[in-house]
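Report on one structure; see the data block that follows.
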Amino acid sequence: MRQSKLFTKTRKEAPADEVSKNAELLIRGGFVHKEMSGVYSYLPLGLRVFKKIENIIREEMNKVGGQEVLMSSMQPKENWEKTGRWTGMDDLYKVADSSGREVALGPTHEEIVVPILKNYVSSHKDFPVVVYQIQNKFRMELRAKSGMLRGREFIMKDMYSFHTGQEDFEKFYEKMKEVYKTVFTRAGIGHLTYLTFASGGTFSKYSHEFQTITPAGEDTIYLDEENGVALNKEVLNDEVLGQLNLSKEKLVEYKAIEVGNIFDLKTKYSAPFDLSFTDDKGEKHVVLMGCYGIGLSRLMGTVVEALADDKGIIWPESIAPFAVHLLMLGEDEAVLKEAEKVYESLNKAGVEVLFDDRAGVSAGEKFSDADLLGMPLRAVVSARSLKDLSSGGIEIKKRTEEKGKIVSLDELLKIYVR
RNA sequence: CGGGCUGUAGUAUAUCGGUUGUACAAGUGCUUUGGGAGCAUUUAGGCUGGGUUCGACUCCCAGCAGCCCGACCA
Numbered sequence: 001m002r003q004s005k006l007f008t009k010t011r012k013e014a015p016a017d018e019v020s021k022n023a024e025l026l027i028r029g030g031f032v033h034k035e036m037s038g039v040y041s042y043l044p045l046g047l048r049v050f051k052k053i054e055n056i057i058r059e060e061m062n063k064v065g066g067q068e069v070l071m072s073s074m075q076p077k078e079n080w081e082k083t084g085r086w087t088g089m090d091d092l093y094k095v096a097d098s099s100g101r102e103v104a105l106g107p108t109h110e111e112i113v114v115p116i117l118k119n120y121v122s123s124h125k126d127f128p129v130v131v132y133q134i135q136n137k138f139r140m141e142l143r144a145k146s147g148m149l150r151g152r153e154f155i156m157k158d159m160y161s162f163h164t165g166q167e168d169f170e171k172f173y174e175k176m177k178e179v180y181k182t183v184f185t186r187a188g189i190g191h192l193t194y195l196t197f198a199s200g201g202t203f204s205k206y207s208h209e210f211q212t213i214t215p216a217g218e219d220t221i222y223l224d225e226e227n228g229v230a231l232n233k234e235v236l237n238d239e240v241l242g243q244l245n246l247s248k249e250k251l252v253e254y255k256a257i258e259v260g261n262i263f264d265l266k267t268k269y270s271a272p273f274d275l276s277f278t279d280d281k282g283e284k285h286v287v288l289m290g291c292y293g294i295g296l297s298r299l300m301g302t303v304v305e306a307l308a309d310d311k312g313i314i315w316p317e318s319i320a321p322f323a324v325h326l327l328m329l330g331e332d333e334a335v336l337k338e339a340e341k342v343y344e345s346l347n348k349a350g351v352e353v354l355f356d357d358r359a360g361v362s363a364g365e366k367f368s369d370a371d372l373l374g375m376p377l378r379a380v381v382s383a384r385s386l387k388d389l390s391s392g393g394i395e396i397k398k399r400t401e402e403k404g405k406i407v408s409l410d411e412l413l414k415i416y417v418r
C-alpha cells in the first residue's frame, strides 16, 4: 500500500485527553479513532492488525474443533430473564425500540448459544460440541478506561463447549489452556503472559485467566517465576496457596492485563434453558458447559502497552499491519526508480509492504513515522543508500535495532521467500 | 456510581471582564530532503443552556462531554 494514498495521517502531538500509552500511540498512528469514551473505530492500519489477530485465533479455535458462528447482538429480553441476568447484570445494555420492546445488546452470548444448541442437539452422540464467534460486545462499564483495554464496545472471541460428562469437559478445558498459550505466543506476548488462578464464581473453585505483565495492567497478580504459575490477588490466601503448593515467599507482585479467561460453567446456563441430552440408556441429563474468552481489542492494546518503546509501537511480525515499511527519501530519478522497483518486487513476492512514497516529506518525518507505526522491518531507498549500490542499495533495519545494513533486493526478498 | 481535574481552530497550546495569540496540520508559490525543514501568503476557534454585567471565551450555576483515583468488572 502506498502511504501517499492512505487517508489516515500520523500526528506529532499526543491527544490531550488520553493518558494511556496504547490509546496515545494507536491514535497518533491512525490505527483507531475514538468515538466516545470506551468506543473506538478501526481504521485501515488498525483493522489490518485486528484481522491478523483474528486469524491467529480463528486458526487455533478451528484446530480444537471449534465451529465458527456469528450470533446476534440484539438479544431477546426473555432469554436474559430466564437466567436472571436481565436484572442481575449491572453492565447490561438494555435498549427499547419505538414500540416499547426491550432487548439486550449482547455483552456475552450464553443466553443465545444455549437455545441455539437446544434446537439441534439432544443425543449423547451429538457431543461434544464447540462453538465460537468473534464479535462486538457491549458492556455498560461505569468507567471505561485505559484506551483499548476497557471499552464499552469491544471485540471478543467467545467460545462455548458442551459436554455430556465432567471428565470430557476437563479434558477439553486442559487442552484450551495449551491453545491459549499458543495464541498469546503467536501474538507476540507469550513471554509476558501467564496462566493465572482467579476466583471461580458460583459453581467452581477457580477460573483461569491469562495475564500479560505490564505496568499498565489493572489487575495485580502474584507470580511464581520458577514454575510460571500465577495467581490473582483476589484469591491470594493461605488456603489457595496450600492447594496450589505455592509458597508466599517466592511470589512476586506484578501489574497485569487479563487478555483471556476460561471458565467452568457446569450447568449454570444449560439448566435454565433445559439444554439436555439422552444417554445410551435413554436417560436424560443436563449438558455441561465451559466458556473461553479472548478480548481481541484488548489484546491489540496490550501488545502496544507491553512492547512499545519511547518512539512508538513495535508490532510483532505475526500481527504487524505490514511486514516492511519501505521509505523513499528524496525524489531524484534514480531513487524514485529504485524505490518503485523494490515496491513492485516485494508486492509480487507477496510481501506486505507499506510504501512511504510521499513527496515533499522530510527524511526525519518519514523516520519518525516509521518508528511510530512500528512495522518490523524498515527499508530505505535514498541517494545515500544508492551510493552503496555495489553492495545492494537498500538499507534495512529492524524496528528493534539501532543500526541498519545495506542489502540488495534479492537479499531483502530472501528474508520473506524461502 | 462517589471524588478530583479539564472543555478555546483538524491537533496541541497561550492570553484576556472590552475585536482570542502562537505552533503543527490543511491550501498556494518558491527553496529544502538521513531524524518531525525555511520564507511568504491564505483558511480555520471559545461545549450547551441559564445567571451576574453596559459588555462574558473569561466570573457564578446547571447540563453535557473527556480524562484520572476509587468502587464495580462471568
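Throughout the first sequence, residue numbering follows our numbering, covering 1 to 418 in sequence.
Built from N, CA and C at the ideal position, the CB exists for glycine as well.
Here the structure is a predicted model, which means the values were calculated and not measured.
In terms of DSSP beta bridges, what is His124 paired with?
-> Answer is none; His124 lacks a bridge partner.
Kindly indicate the opening and closing residues of the beta strand (DSSP E) around Leu231.
-> In the DSSP assignment, Leu231 falls within the beta strand (DSSP E) that extends over Val229 to Asn232.
Asp91 (DSSP reduced to helix, strand or coil) = coil
From what residue to what residue does the alpha helix (DSSP H) around Tyr416 run?
-> Leu409 to Tyr416
Neighbour-count burial assignment, Asn347, 16 or more Cβ in a 10 Å radius = exposed
Start and end residues, beta strand (DSSP E) containing Gly295 = For Gly295, the enclosing beta strand (DSSP E) has its first and last residue at Leu288 to Gly295.
Counting along the chain, where does the alpha helix (DSSP H) carrying Met74 start and finish?
-> Note, Met74: premise wrong, no alpha helix (DSSP H); beta strand (DSSP E) at Met74 to Pro76.
Simplified DSSP state of Tyr269, which is helix, strand or coil | coil
Kindly indicate which three-state DSSP category Ala96 falls into: helix, strand or coil?
-> strand
Can you check DSSP and say which residues form a bridge with Phe154?
-> In the DSSP output, where bridge partners are listed per residue, Phe154 has Lys137.
Can we say the region 389-402 touches the region 368-380, given the rule of at least three CB pairs closer than 8 Å?
-> yes
Endpoints, the beta strand (DSSP E) within which Glu102 is located | Under the DSSP assignment, Glu102 falls in the beta strand (DSSP E) whose first and last residues are Glu102 to Leu105.
Met71 bridges to which residues according to DSSP?
-> Answer is none; Met71 lacks a bridge partner.
Run through DSSP, which three-state label would Arg2 get?
-> Three-state DSSP puts Arg2 in a strand.
Does the count of Cβ pairs from the region 50-62 and the region 324-331 closer than 8 Å reach three?
-> no
Terminal residues of the beta strand (DSSP E) in which Pro328 lies = Checking the displayed sequence, the identity of residue 328 turns out to be Met instead of Pro. Run containing Met328: Val324 to Met328, per the beta strand (DSSP E) assignment.
Buried or exposed (CB count within 10 angstroms, at least 16 for buried), Asp332 | exposed
For Asn261, three-class secondary structure by DSSP = strand
Taking 8 Å as the cut-off, decide whether the C-beta atoms of Ile155 and Ser41 are in contact.
-> no
Short Cβ contact (8 Å threshold) for Glu68 with Tyr132 = yes
Sort Lys387, Leu26, Ala359 and Gly350 by Cα distance to Arg418 and report the nearest one.
-> Gly350
For Glu317, collect the residues of the same chain with a Cβ closer than 7 Å to its Cβ; drop the 5 residues on either side in sequence, then sort them by chain order.
-> Ala323 and Pro376
Closest residue to His124 among Glu395, Ser382, Gly200 and Glu283 (Cα-Cα distance) | Glu283
Residues bridged to His208 by DSSP?
-> Per the DSSP secondary-structure output, His208 pairs in a beta bridge with Phe197 and Ile262.
Specify, as a first and last residue, the run of the beta strand (DSSP E) that Val39 falls within.
-> Val39 to Tyr42
Helix, strand or coil: which one does DSSP assign to Thr108?
-> Note: Thr108 maps to coil in three-state DSSP.
Val240 - DSSP class collapsed to helix/strand/coil | helix
Bridge-paired residues (DSSP) for Lys34 | Beta-bridge pairing links Lys34 to Tyr40.
To the nearest angstrom, report how far apart Tyr254 and Pro15 are at their CA atoms.
-> Using only the alpha carbons, I get a separation of about 28 Å.
Would you please state the rounded distance, in angstroms, between the beta carbons of Val286 and Leu275? I believe it to be under 8 Å.
-> 7 Å
State the CB to CB distance for the pair Arg152 and Gly290, rounded to an integer number of angstroms; the pair is presumed to be in contact (CB under 8 Å).
-> Actually they are not in contact, since the Cβ atoms of Arg152 and Gly290 sit about 27 Å apart, beyond 8 Å.
N-terminal and C-terminal residue of the beta strand (DSSP E) that Ile396 is part of = Ile394 to Lys398
Simplified DSSP state of Gly436, which is helix, strand or coil = Nothing can be reported for residue 436: it is not among the residues displayed for the chain, which extend from 1 to 418.
If we ignore side chains and look at the alpha-carbon of each, how far apart do Lys51 and Met140 end up?
-> 25 Å
Can you tell me whether DSSP reads Val235 as helix, strand or coil?
-> helix
Please state if the CB of Val342 and the CB of Leu25 are separated by a distance shorter than 8 Å.
-> no
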